[in-house]
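**Q** In this note's numbering, each residue carries its 1-based index in the sequence shown increased by 37.
For each residue, glycine too, the CB sits at the ideal point set by N, CA and C.
In this text, all values refer to a predicted model and were calculated from it rather than measured experimentally.
Once you've had a glance at the structure underneath, I'll fire off some questions.
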Amino acid sequence: MSTSFFVAPDWLIEHSDDPEIQLIDARMAPPGQEHRDIKAEYRAGHLPGAVFFDIEALSDHTSPLPHMMPRPEAFAVAMRELGISHDKHLVVYDEGNLFSAPRAWWMLRSFGAENVSILAGGLAGWQRDALPLQQGDVPLPESDFQANFNPAVVKKLTDMLLASHEGTAQIVDARPAPRFNAQADEPRPGLKRGHIPGALNVPWGDLVVEGELKTTDALAAIFRRQGVDLRKPVIASCGSGVTAAVVVLALTTLGAKDVTLYDGSWSEWGAREDLPTEPA
38 MSTSFFVAPD WLIEHSDDPE IQLIDARMAP PGQEHRDIKA EYRAGHLPGA
88 VFFDIEALSD HTSPLPHMMP RPEAFAVAMR ELGISHDKHL VVYDEGNLFS
138 APRAWWMLRS FGAENVSILA GGLAGWQRDA LPLQQGDVPL PESDFQANFN
188 PAVVKKLTDM LLASHEGTAQ IVDARPAPRF NAQADEPRPG LKRGHIPGAL
238 NVPWGDLVVE GELKTTDALA AIFRRQGVDL RKPVIASCGS GVTAAVVVLA
288 LTTLGAKDVT LYDGSWSEWG AREDLPTEPA
């Protein structure tokens with residue numbers, strides 16, 4: 038495994054009877070694939086005992102922005118209803134592209150779950166190993182989930198204006214380079230091209246190989262090459278706050294201490310005509 042935040046399929050098989058481990062399916066359709074019924078895909082086949090962590094449904098639906106963090110009380114109620122306990126070892130997985138599992142990992146940790154891992158290789162790796170799947174829903178008894186939320190881990194537009202204008206933190210944008218460099222349209226309609234002035238580009242896909250992070254040496258080299266100083270504060274951003282969590286995961290793996298996430302990301306900044314962008 039590349040980091041302590043990952044567990045391997047064979048480790049999970051060895052611990053399949055451990056009542057202190059809970060499996061969480063955090064699959065999510067990427068932009069442009071919203072037609073997919075991810076809940077139906079979950080029901081058609083998931084890891085045995087895994088409950089479905091619906092990032093969209095768990096988001097703040099009072100916000101016009103996509104999948105924003107919910108209120109702590111709402112998140113705690115949803116986790117209790119799913120049967121997820123804050124004090125168990127939570128193992129999260131996605132399709133195997135490491136697209137959405139880091140977002141679930143980040144959300145759970147931000148709300149106070151201390152022991153959260155990601156299944157290396159995700160569902161695709163599990164299937165490659167011809168390991169068993171389960172169909173249907175997984176009803177669990179109501180659990181105890183106490184949300185202990187630190188609001189400082191989530192940055193807002195005002196924080197981003199300060200970071201951009203005053204350099205109070207490094208802004209690391211996880212979107213692919215063509216979108217960052219205003220060479221390609223955003224997948225969400227109505228957004229400008231470009232990036233927040235002063236932001237650095239570390240495409241999330243560059244950090245990933247076969248459903249897990251690259252080695253720590255490779256990760257360190259990527260951030261160094263893009264001008265990111267791990268000793269200074271970092272705010273991760275992306276299109277809508279999902280793949281920014283891959284950057285958070287990678288930086289946390291490398292021991293960076295002050296790493297936060299701009300939840301509105303380009304869905305907020307890029308929709309505002311009154312905000313500057315680069316290239317201008």
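1) Just grab the DSSP bridge partners of K192 for me.
2) DSSP three-state call for L160: helix, strand or coil?
3) To which residues of the same chain is A189 closer than 8 Å at the C-beta, ignoring the five residues directly before and after it?
4) Identify, in the order they occur along the chain, each residue of the same chain with its Cβ nearer than 8 Å to the Cβ of P46, setting aside the five sequence neighbours on each side.
5) Under the rule that 16 or more other beta-carbon atoms within 10 Å means buried, what is E223, buried or exposed?
6) Identify whether F182 lies in helix, strand or coil by the three-state DSSP scheme.
7) Should the region 250 to 259 be called in touch with the region 101 to 115, which here means at least 3 C-beta pairs below 8 Å?
8) Measure the CB-CB distance between A141 and A87 and report whether it falls below 8 Å.
9) I need the DSSP call for L273, collapsed to helix, strand or coil.
10) Please confirm if the region 173 to 185 is in contact with the region 120 to 135, defined as three or more CB-CB distances below 8 Å between the two stretches.
11) To which residues of the same chain is S302 closer than 8 Å at the C-beta, ignoring the five residues directly before and after it?
12) Thinking C-beta only, is A200 closer than 8 Å to I272?
**A** This is what the structure holds:
1) Working through the sequence shown from its first residue, we reach residue 192 at position 155. Y299, per the DSSP bridge assignment.
2) The residue you call residue 160 lines up with position 123 of the sequence shown. Note: L160 maps to helix in three-state DSSP.
3) In the sequence shown, residue 189 corresponds to position 152, counting from 1. So the list reads T297, once near-sequence residues are dropped.
4) As a working mapping, residue 46 is identified with position 9 in the sequence shown. Taken in chain order, the residues that qualify are L156, A157, G158, G162, W163, D166, L168.
5) Position 186 of the sequence shown, counting from 1, holds the residue named residue 223. So E223 ends up on the buried side.
6) Counted from its first residue, the sequence shown places residue 182 at position 145. The answer is coil: DSSP assigns F182 none of H, G, I, E or B.
7) no
8) Mapped onto the sequence shown, residue 141 falls at position 104. Mapped onto the sequence shown, residue 87 falls at position 50. Not a contact, by the Cβ cut-off of 8 Å.
9) Taking the sequence shown and counting its residues from 1, the one referred to as residue 273 is at position 236. Checking the displayed sequence, the identity of residue 273 turns out to be Ala instead of Leu. Correct three-state label for A273: strand.
10) yes
11) Against the sequence shown, residue 302 aligns to sequence position 265. So the qualifying residues of the chain are S274, C275, G276, S277, G278, A281.
12) Stepping through the sequence shown from its first residue, residue 272 is reached at position 235. Stepping through the sequence shown from its first residue, residue 200 is reached at position 163. It is a contact, given that the beta carbons lie within the stated cut-off.
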